[in-house]
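Asks:
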Amino acid sequence: MKKTSEKMISMDWPAYILQMETLLAVALDEQRRAALQQQFEHIAALAAPLMALPLDEQQEIAGVYRL
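Structural data, given as structure tokens:
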């Protein structure tokens with residue numbers, strides 16, 4: 011669990027990878043799972059400062075588009 015600003019963020023990367031592996035019908039070995047987990051942790055660390063940035067209530071958030 012990592013602390014970002016005042017928020018605690020927790021992500022179970024092994025469970026996420028296993029779910030995506032099942033959903034996408036892709037078989038991964040332990041070495042590849044470990045590499046993916048390392049990449050996801052790195053990406054999350056890079057995104058953490060941006061995600062912690064407070065937005066003014068007057069600022070518009072990005073639109074959400076659905077098919």
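To convert, note that position 12 of the sequence shown is 22 in our numbering; the numbers rise steadily by one, no gaps.
For each residue, glycine too, the CB sits at the ideal point set by N, CA and C.
#1: Apply the 10 Å Cβ neighbour rule to Glu16 and answer buried if 16 or more other Cβ atoms are within range, or exposed otherwise.
#2: How about the stretch 68–75 and the stretch 36–46: do they share at least three Cβ pairs that are nearer than 8 Å?
#3: Measuring only the C-alpha atoms, how far is Ala62 from Leu77?
#4: State the Cα-Cα distance for the pair Asp22 and Gln47, rounded to the nearest angstrom.
Replies: In this structure, then:
#1: Because Glu16 sits at a pLDDT of 45, beneath the cut-off of 50, its placement in the model cannot be relied upon, and the point is left open.
#2: no
#3: Answer to the nearest angstrom: the Cα atoms are 29 Å apart.
#4: So the alpha carbons of these two residues sit roughly 9 Å apart.
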